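Structure, as structure tokens:
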Amino acid sequence: MTKFKNSSKFFFYKILKLICFFSPEIATRILYKRRLGKKLNLASPKTFNEKLQWLKLNRYKNNPLVTKCADKYAVREYIKEKGLEHTLNDLIGIWDNPEDITWEKLPHKFAMKCNHGAGYNIICNNKDKLNKKETQSILKKWMDEDYWIKTIELCYKNIEKKIICEKFIETEDGSFPFDYKIFCFNGKATFIMLCTQRETKKPKYFFVDKNWELLPYGLDFNDTNSFNKIKKPNNLNILFNYAERLAEPFPFVRADFYLDNEKIIFGELTFVPAAGYDDELNNDSSNNIDLEIGHLLKL
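Numbering of the sequence shown is given in the working numbering, commencing with residue 638 and proceeding in unit increments.
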């Protein structure tokens, strides 16, 4: 059964890629229906997911600045242009092919990723235990993939593929730092998706406003006990300021940062969270968060 599903998925995306060549919009409609089980309204988009799909097919399609900033390596130049070079994580290495990686020169801990999509991450906290052959095989698989076709995110299509390695970021107790994902609508930082317990298999996601008040979004909003243990960052206003500086040219972007003690470290810019197919926005049928967040974005 698993083999059949994998084959079915393989052929689906082969056909989808062909359709996308002729019409990205039709391909997007097909994938939206498959992922969310409903038709996509592009004529008059209202929900957050719908508006993200509209941006993908219009404002963000063949947009050189969006492509540059979606590229997890090229975005570093944009960060410098915005006067935020001091927030960049240390760059250890960059390669065109996995075979070119000089493993013996890498530090004991590091973070490695491909620049042309999402989820292409290898976090190594002990190089001695890293299976380098297996890791190289994974990287080769990722580098051979055209990530953009999985989600019809055309901003990834023309990225020159690279493998980059950056400094491993950890807290004093050896855990992963919190991830502050700041949602910016029409240049204004509005709320944060705070990601905690990232080193576990069950990370938590809390949505908070600019006053550090918990918002009723996502699946973890009822876990107030866990949220109340999290200290509000002293430099929260600076985080919002940095996010708005980066978001200024875009109708929507999510600016991701980490905090190393109180040092702000840039993560990435995300133009279409969950590729516009987020089925976890609503926590119950009577509270349409997708629509509520959609109202914040003016096209």
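Glycine included, each C-beta is placed from N, C-alpha and C at the ideal position.
Remember, predicted model here, so these are calculated numbers, not experimental data.
Spatial neighbours of ILE716 within its chain, please: C-beta separation below 8 Å, excluding the five flanking residues on both sides.
GLU722, THR724, LEU725, LEU883, PHE903
Since THR808 is in the beta strand (DSSP E), which residue starts that stretch and which ends it?
First-last for THR808: undefined, no H or E at that position.
Rounded to whole angstroms, what is the Cα-Cα separation between SER923 and LEU673?
Model confidence at SER923 stands at a pLDDT of 40, short of 50, so the residue's coordinates are unreliable and nothing is read from them.
Closest to MET780 by C-alpha separation, out of ALA826, LYS841, ALA755, would be which residue?
ALA755
Can you name the residues that DSSP bridges to ARG713?
ARG713 pairs with nothing; no bridge assigned.
Assign ASP915 to buried or exposed, taking buried as 16 or more other Cβ atoms, counted over all protein chains shown, within 10 Å of its Cβ.
buried
Can you give me the start and stop residues for the beta strand (DSSP E) that ILE759 sits inside?
758 to 761
Using the three-state DSSP reduction, which class does SER922 fall into: helix, strand or coil?
Any reading at SER922 needs caution, since the residue's pLDDT is 49, under 50, leaving its predicted position unreliable; the model's value is listed next. SER922 falls in the coil class under three-state DSSP.
Boundaries of the beta strand (DSSP E) in which VAL890 is found, first to last residue:
889 to 897
Nearest-angstrom beta carbon gap, GLU807 and PRO814 [assumed within contact, 8 Å]:
7 Å
Does DSSP classify LEU748 as helix, strand or coil?
It is worth fixing the name first, because residue 748 is Ala in this sequence and not Leu. Correct three-state label for ALA748: strand.
DSSP three-state call for TRP732: helix, strand or coil?
strand
Whole angstroms is fine: what's the gap from GLN834's alpha carbon to ASP857's?
12 Å
Per-residue DSSP class, three states only, for LYS675:
Here LYS675 sits in coil by DSSP.
Own chain, CB closer than 8 Å to ARG713, minus 5 neighbours either side, in chain order:
Leaving aside the five residues that flank ARG713 on each side, the residues in its chain whose CB is nearer than 8 Å to its CB run, in chain order, LEU725, LEU728.
By DSSP's criteria, CYS706 is part of a beta bridge. Which residues make up the other side?
None, per the DSSP bridge assignment.
Please confirm whether PHE908 and TYR697 have their CB atoms less than 8 Å apart.
Closer than 8 Å, so yes.
Can you list, in chain order, the residues of its chain whose CB lies under 6 Å from that of ASP708, leaving out five sequence neighbours each side?
Taken in chain order, the residues that qualify are ASN752, ILE796.
Leaving out the 5 sequence neighbours to the left and right, which residues in its chain are closer than 6 Å to TYR784 when beta-carbon positions are compared?
These residues qualify, in order along the chain: HIS753, GLY754, TYR793.
What would DSSP say about THR684, mapped onto helix, strand or coil?
coil
Tell me where the alpha helix (DSSP H) around LEU876 begins and ends.
873 to 884
Residue range of the alpha helix (DSSP H) that PHE828 falls in?
That residue, PHE828, is in no alpha helix (DSSP H); its beta strand (DSSP E) goes 825 to 833.
I'd like the list of long-range same chain contacts for LYS825, defined as Cβ closer than 8 Å, with 5 residues on each side in sequence excluded.
GLU881, ALA884
Return the first residue and the last residue of the alpha helix (DSSP H) that THR772 is part of.
769 to 781
Just mark ASP860 as buried or exposed, buried being the case when its beta carbon has 16 or more other beta carbons within 10 Å.
exposed
Bridge partners for LEU906 per DSSP, in chain order?
ALA892
By the three-class DSSP mapping on this structure, what secondary structure does TYR784 have?
helix
From LEU918, GLY913, LEU928, HIS932, residue whose alpha carbon lies closest to that of LEU694
GLY913
Extent of the continuous beta strand (DSSP E) to which PHE843 belongs:
For PHE843, the enclosing beta strand (DSSP E) begins and ends at 841 to 846.
Same chain only: Cβ atoms within 7 Å of PHE641, ignoring 5 sequence neighbours per side
For PHE641, the predicted model reports a pLDDT of 49, less than 50, meaning its position is unreliable and no value from the coordinates is stated.
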